[in-house]
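> Okay, here's the structure, questions in a sec.
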Amino acid sequence: MSTPLFSIVTIAYQNKNGLLETVESVKSQTFRDFEHIVIDAGSTDGSAEWLAANFDGAWVSERDRGRYHGMNKGAQMARGEYLWFMHSGDVFGDEDVLKRVAAAIADAGHPDWLYGLARVVGADKSLHSVLALVPFSMFNVAILGRSLPHQAAAFKRDFFWRLGGYDETMPVAADLLFMVRAGDCSPPLVLADFVCNFDYTGISATRSWRAIHWDEYQIRRRSGVRVTRSRVLDNVLAVTYALIQLAGLSLRGMLGRKDATANPSNEIGG
1 MSTPLFSIVT IAYQNKNGLL ETVESVKSQT FRDFEHIVID AGSTDGSAEW LAANFDGAWV
61 SERDRGRYHG MNKGAQMARG EYLWFMHSGD VFGDEDVLKR VAAAIADAGH PDWLYGLARV
121 VGADKSLHSV LALVPFSMFN VAILGRSLPH QAAAFKRDFF WRLGGYDETM PVAADLLFMV
181 RAGDCSPPLV LADFVCNFDY TGISATRSWR AIHWDEYQIR RRSGVRVTRS RVLDNVLAVT
241 YALIQLAGLS LRGMLGRKDA TANPSNEIGG
């Protein structure tokens, strides 16, 4: 059996509609040298029944130990040269994404990993923001906490396992930890191309400022990466940037309250 260029891995749980969107997006790709693997965490919303009746790729539906356990399971089932993780509800930027990325991979001599740009969309599919990290900078990723969703990245399968896969002890940010480790080992191929539409309404969107920056600290500690060659200085720079962010959030909140007070139309009853 030949090795496909891409293994698209989709994890899903209680999101049948999102799963159908992702499967349809993958099926619509004009480049066909890929396999699609679905790891469902034991959904009771009809996802397994739909997969059994309609899905041509490999899939399982069973309880797991969390999202990164599911992603690692999918990677273990994969045969492709590159792993590309797309959660249920996420879609490719357009039907020619895999075609363009395959050409870029060939031109670049099959790099260890790569990423492109991501459109961040809401539940109604409206554009929320754009995630772009061009060029790649370890300072931006490890100190400023700027990264890309894994939906915009692809990793060589052997490179993925050489780095140990996703750390399943991190419940939310193991994908960011993995990207820091990847960037420290091998420079990525960076594509100025919108490769995915990323659904930001998941768990990461509801986390507190404190939780996010605690994850970033854990990423610096666990990865062992030293951007300035000093762990202390790395943490000082990261905390300083975090406090600047917090001050900005507080200021915007204060200005918002002032605007509401100054505008009677915002009051109930007028």
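Counted the way the UniProt record's numbering counts, the sequence shown spans residues 1 to 270. Heads up, the beta-carbon is just placed ideally off N, CA and C, and yes, glycines get one too. As the structure is a prediction and not an experimental result, all values here were calculated from the model.
1. Would you tell me roughly how many angstroms separate the C-alpha atoms of A75 and L177, rounded to the nearest one?
2. Let me confirm a value: A108 is counted as buried when at least 16 other C-beta atoms fall within 10 Å, else exposed. Which label applies?
3. Would you kindly report the start and end of the unbroken beta strand (DSSP E) that includes E35?
4. Going by DSSP in three states, L189 sits in which element: helix, strand or coil?
5. Taking P187 as the reference, which of Y166, F155 and F194 has the closest Cα?
6. On the premise that D40 lies in contact with A53, defined as a C-beta separation below 8 Å, what is that separation, rounded to the nearest angstrom?
7. For the alpha helix (DSSP H) that A104 lies in, which residues bound it at each end?
8. Just the C-alpha distance for S2 and R231, rounded to the nearest angstrom, thanks.
9. With the cut-off set at 8 Å, would you say F6 and Y82 are in Cβ contact?
10. So, under 8 Å CB-CB, D93 and F194 are touching, yes? Tell me the CB distance rounded to an integer number of Å.
11. Using a threshold of 8 Å, state whether the C-beta atoms of N15 and G89 are closer than that.
12. If you check the beta carbons only, do E95 and S43 fall under 8 Å apart?
13. Looking at the structure shown, is F178 part of a helix, part of a strand, or coil, going by DSSP?
14. Report the rounded CA-to-CA distance for A142 versus V225, giving the unit in angstroms.
15. Just to confirm before moving on: does the CB-CB distance between Y200 and H128 stay below 8 Å?
16. Is F160 near the ligand NAP, going by C-beta to nearest heavy atom under 7 Å?
17. In chain order, what residues of the same chain have a beta carbon less than 6 Å from the beta carbon of A153, not counting five sequence neighbours either side?
18. Use the C-beta contact count for A192: other C-beta atoms within 10 angstroms, 16 or more gives buried, fewer gives exposed.
19. Report the partner residues of S7 according to the DSSP bridge assignment.
20. What did DSSP end up calling F92 once you bin it into helix, strand or coil?
Taking the coordinates as given:
1. The sequence position of residue 75 within the sequence shown is 75, counting from 1. The sequence position of residue 177 within the sequence shown is 177, counting from 1. If you take the alpha carbons of A75 and L177, they lie about 17 Å apart.
2. The count along the sequence shown starts at 1 and reaches residue 108 at position 108. The residue is exposed, with fewer than 16 neighbouring Cβ atoms inside 10 Å.
3. For the purposes of this step, residue 35 is taken as the residue at position 35 of the sequence shown. It spans F34 to D40 - the beta strand (DSSP E) in which E35 sits, taken as one unbroken run.
4. Against the sequence shown, residue 189 aligns to sequence position 189. It is a strand residue.
5. Translated into the one-based positions of the sequence shown, residue 187 becomes position 187. Comparing Cα positions, the closest option is F155.
6. On the sequence shown, position 53 is the one that residue 53 refers to. On the sequence shown, position 40 is the one that residue 40 refers to. Not a contact, Cβ separation roughly 14 Å.
7. Mapped onto the sequence shown, residue 104 falls at position 104. That run of the alpha helix (DSSP H) goes V97 to D107.
8. Within the sequence shown, the letter at position 2 stands for residue 2. Within the sequence shown, the letter at position 231 stands for residue 231. In a straight line, the C-alpha of S2 is about 45 Å away from that of R231.
9. The sequence position of residue 6 within the sequence shown is 6, counting from 1. The sequence position of residue 82 within the sequence shown is 82, counting from 1. Taking 8 Å as the Cβ cut-off, F6 and Y82 qualify as a contacting pair.
10. One-based indexing of the sequence shown puts residue 93 at position 93. One-based indexing of the sequence shown puts residue 194 at position 194. One detail in the question is off: residue 93 reads as Gly in this sequence, not Asp. Contact holds; Cβ gap of about 4 Å.
11. Start at 1 with the first residue of the sequence shown, and residue 15 comes out as number 15. Start at 1 with the first residue of the sequence shown, and residue 89 comes out as number 89. It is a contact, given that the beta carbons lie within the stated cut-off.
12. Here the question's residue 95 lines up with position 95 in the sequence shown. Here the question's residue 43 lines up with position 43 in the sequence shown. Not in contact: E95 and S43 (Cβ atoms no closer than 8 Å).
13. Within the sequence shown, the letter at position 178 stands for residue 178. Reduced to three states, the DSSP call for F178 is helix.
14. Reading the sequence shown from its first residue, position 142 is the one you call residue 142. Reading the sequence shown from its first residue, position 225 is the one you call residue 225. If I take the Cα positions, the gap works out to 8 Å.
15. Here residue 200 is taken as the residue at index 200 of the sequence shown, counted from 1. Here residue 128 is taken as the residue at index 128 of the sequence shown, counted from 1. Contact: yes.
16. Of the ligands one can find in the structure shown there are none, so the ligand NAP has no counterpart to examine.
17. For the purposes of this step, residue 153 is taken as the residue at position 153 of the sequence shown. Cβ within range, chain order: Y115.
18. Here residue 192 corresponds to residue number 192 of the sequence shown, with the count starting at 1. Exposed, by the Cβ-count rule.
19. Counting from one through the sequence shown, the residue named residue 7 turns up at place 7. In the DSSP output, where bridge partners are listed per residue, S7 has E35 and L83.
20. Taking the sequence shown and counting its residues from 1, one reaches residue 92 at position 92. It is a strand residue.
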